[in-house]
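Data first, discussion second: the structure below is written as structure tokens.
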Ligand code: SF4
């Protein structure tokens with residue numbers, strides 16, 4: 378079934394490490410943007426597309442009023458064939474109070490993804506975040522009071538001056554919260570962001586420390602019952618993100634909003650990073666990324682991000698060559714090869730880009 382992604386490109390303040398497309402929040406622009414979202418959503422009505430996940434990503438979707446979230450979800454309900462959906466909303470702890478969260482829940486949102494990043498206030502300050510950890514803890518408890526039974530938090534690894542011990546403390550603090558899902562991302566210094574400077578580079582984790590941090594994170598989360606199902610994602614059984622899994626399993630998704638990507642009708646396309654033209658246009662512009670993606674190549678590229686890996690019988694005549702290559706890497710503990718499947722180990726995930734490129738070469 379298809380997933381629906383809705384991009385909200387506004388933030389209260391730009392974080393210095395972030396290169397996602399987002400603009401400073403403006404009430405008027407956000408209102409116009411929501412109207413444009415609704416217009417675009419309603420355009421799909423004649424197609425009767427079946428969906429089972431809706432994802433509000435950003436930016437900071439929790440800057441939306443609950444009435445705006447409701448208007449968007451009403452339009453989705455009128456325009457798509459919606460089946461028992463997972464409805465996720467990404468929230469910033471600073472913009473998520475009990476009242477707003479209760480209203481989101483009433484509007485139908487049933488999964489909350491909170492950008493916590495760290496339980497250490499000095500690290501949060503260095504990340505340019507507006508919240509401290511107390512505020513993040515309160516947001517989680519408020520979400521539970523509001524009726525959320527599926528809550529995820531993000532944590533960041535390798536940030537400026539983070540140590541293995543402070544990371545372990547952050548993980549312990551998250552484990553003690555009533556969460557069902559944790560996403561752990563390794564800091565990547567993106568070109569052109571304020572973080573792209575020598576001062577931050579020298580304070581951030583080097584490759585060795587990052588590896589240690591990642592492997593420690595995988596082990597601590599596993600011990601606490603959060604099973605790794607993707608390079609950066611960990612869940613209690615049954616709480617894997619239905620929406621995000623679509624990206625890695627080749628299912629279709631429709632993205633609406635400036636900078637949103639889609640994989641639908643067999644092609645990949647995106648809407649340009651331009652809120653102005655999105656708001657003023659009757660319908661969002663679509664730029665084709667790939668008219669005819671190589672589905673076997675994508676199966677290997679995305680499937681190897683998953684802990685369960687890929688099935689060899691889906692690789693046709695290439696299976697044997699991939700298996701031969703995998704045997705070499707298996708000796709170094711980077712992957713696991715069974716009669717039917719190939720998957721990367723946590724150690725392999727650390728070098729997944731290179732490993733996946735090696736396997737793709739065999740196709
Ligand atoms: S709140 Fe999120 S999307 Fe916005 S700037 Fe910070 S990291 Fe980027």
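Residue numbers (my numbering): 378 to 740. For each residue, glycine too, the CB sits at the ideal point set by N, CA and C. The model shown is predicted, which means the values in this text are computed figures rather than measured ones.
Around the ligand SF4, which residues pass a check of Cβ closer than 6 Å to any of its heavy atoms?
Result: 388, 391, 392, 395, 397, 399, 435, 436, 437, 469, 492.
Could you pull the DSSP bridge partners for residue 664 from this structure?
Position 287 of the chain shown, counted from the first residue, corresponds to residue 664. Its beta-bridge partners are 647.
Measuring only the C-alpha atoms, how far is residue 580 from residue 621?
Within the chain shown, the letter at position 203 stands for residue 580. Within the chain shown, the letter at position 244 stands for residue 621. Spanning the alpha carbons of residue 580 and residue 621 requires a straight line of approximately 31 Å.
From residue 415 to residue 408, what does the alpha carbon distance come to, in whole angstroms?
For the purposes of this step, residue 415 is taken as residue 38 along the chain shown, with counting starting at 1. For the purposes of this step, residue 408 is taken as residue 31 along the chain shown, with counting starting at 1. Rounded to whole angstroms, the gap between the alpha carbons of residue 415 and residue 408 is 11 Å.
Is there a Cβ from chain D that is less than 7 Å from the Cβ of residue 578?
The chain labelled as chain D is not found in the depicted structure, where only one protein chain is given.
Nearest to residue 542 by CA position, among 585, 593, 575, is which residue?
Taking the first residue of the chain shown as 1, we reach residue 542 at position 165. Each of 585, 593, 575 was checked against the Cα of residue 542, and the nearest Cα belongs to 593.
In whole angstroms, give me the CA-to-CA distance for residue 516 and residue 713.
Residue 516 sits at position 139 when you count from the first residue of the chain shown. Residue 713 sits at position 336 when you count from the first residue of the chain shown. Taking the straight line joining both Cα atoms gives about 39 Å.
Please determine whether the Cβ atom of residue 602 lies at a distance below 6 Å from any heavy atom of the ligand SAH.
No copy of the ligand SAH occurs in the structure displayed; its ligands are the ligand SF4 alone.
Compare the beta carbon distance of residue 717 and residue 688 with 7 Å and say whether it is the shorter of the two.
Here the question's residue 717 lines up with position 340 in the chain shown. Here the question's residue 688 lines up with position 311 in the chain shown. In this structure, residue 688 lies closer than 7 Å to residue 717 by Cβ.
Mind the definition here: the region 506-523 touches the region 449-463 only if three or more C-beta pairs lie below 8 Å; say whether that holds.
Touching, no.
Presumed contact (8 Å Cβ cut-off) between residue 411 and residue 464, rounded CB distance:
Locating residue 411 in the chain shown gives position 34, counting from the first residue. Locating residue 464 in the chain shown gives position 87, counting from the first residue. Not quite, the Cβ-Cβ distance comes to about 16 Å (not below 8 Å), so this is no contact.
Could you tell me which uninterrupted beta strand (DSSP E) segments, each at least 3 residues in length, are contained entirely in the region 556-594, listed from first to last along the chain?
Taking only runs of at least 3 residues, the beta strand (DSSP E) segments lying wholly in the region 556-594 are 558-563.
Evaluate the contact criterion for the region 542-552 versus the region 489-504: three or more CB pairs, one atom per stretch, below 8 Å.
By the C-beta criterion, the region 542-552 is judged to be in contact with the region 489-504, since at least 3 inter-stretch pairs fall below 8 Å.
In the DSSP assignment, find the unbroken alpha helix (DSSP H) run with residue 616 in it and report its ends.
Position 239 of the chain shown, counted from the start, is the residue given in the question as residue 616. Judged by DSSP secondary structure, residue 616 falls outside any alpha helix (DSSP H); it is assigned neither H nor E.
Could you name the residues of the same chain whose beta carbon sits closer than 6 Å to that of residue 438, not counting the 5 residues immediately before and after it, in chain order?
Stepping through the chain shown from its first residue, residue 438 is reached at position 61. Cβ neighbours of residue 438 beyond the five flanking positions: 385, 466, 467.
Per-residue DSSP class, three states only, for residue 719:
In the chain shown, counting from the first residue as 1, residue 719 sits at position 342. Strand.
Secondary structure of residue 382, DSSP reduced to three states
Reading the chain shown from its first residue, position 5 is the one you call residue 382. Correct three-state label for residue 382: strand.
When you compare only the Cα positions, how much space is there between residue 400 and residue 610?
On the chain shown, residue 400 is found 23 positions in, with the first residue counted as 1. On the chain shown, residue 610 is found 233 positions in, with the first residue counted as 1. Roughly 27 Å separates the two Cα atoms.
Return yes when the Cβ of residue 735 is within less than 7 Å of the Cβ of residue 682, no when it is not.
Taking the first residue of the chain shown as 1, we reach residue 682 at position 305. Taking the first residue of the chain shown as 1, we reach residue 735 at position 358. The answer is no: Cβ separation not under 7 Å.
According to DSSP, what are the bridge partners of residue 689?
Taking the chain shown and counting its residues from 1, the one referred to as residue 689 is at position 312. Beta-bridge pairing links residue 689 to no other residue.
Residue 528 lies in the beta strand (DSSP E); which residues open and close that run?
Working through the chain shown from its first residue, we reach residue 528 at position 151. From DSSP, the beta strand (DSSP E) with residue 528 extends over 528-534.
Distance, Cα to Cα, residue 725 vs residue 639?
The residue you call residue 725 lines up with position 348 of the chain shown. The residue you call residue 639 lines up with position 262 of the chain shown. So the two alpha carbons sit approximately 29 Å from each other.
Report buried or exposed for residue 527, applying the criterion of at least 16 other Cβ atoms within 10 angstroms of its Cβ.
Residue numbering aside, residue 527 sits at position 150 when the chain shown is read from its first letter. Residue 527 counts as buried, since no fewer than 16 other beta carbons sit within 10 angstroms of its beta carbon.
Under the three-state reduction of DSSP, which class applies to residue 524: helix, strand or coil?
Sequence index remark: in the chain shown, residue 524 carries index 147 (1-based). If DSSP states are grouped into helix, strand and coil, residue 524 belongs with coil.
To the nearest angstrom, how far is it from the Cα of residue 715 to the Cα of residue 702?
Along the chain shown, one-based indexing puts residue 715 at 338. Along the chain shown, one-based indexing puts residue 702 at 325. About 13 Å.
Where residue 421 sits in the DSSP three-state scheme:
Mapped onto the chain shown, residue 421 falls at position 44. For residue 421, the three-state secondary structure derived from DSSP is coil.
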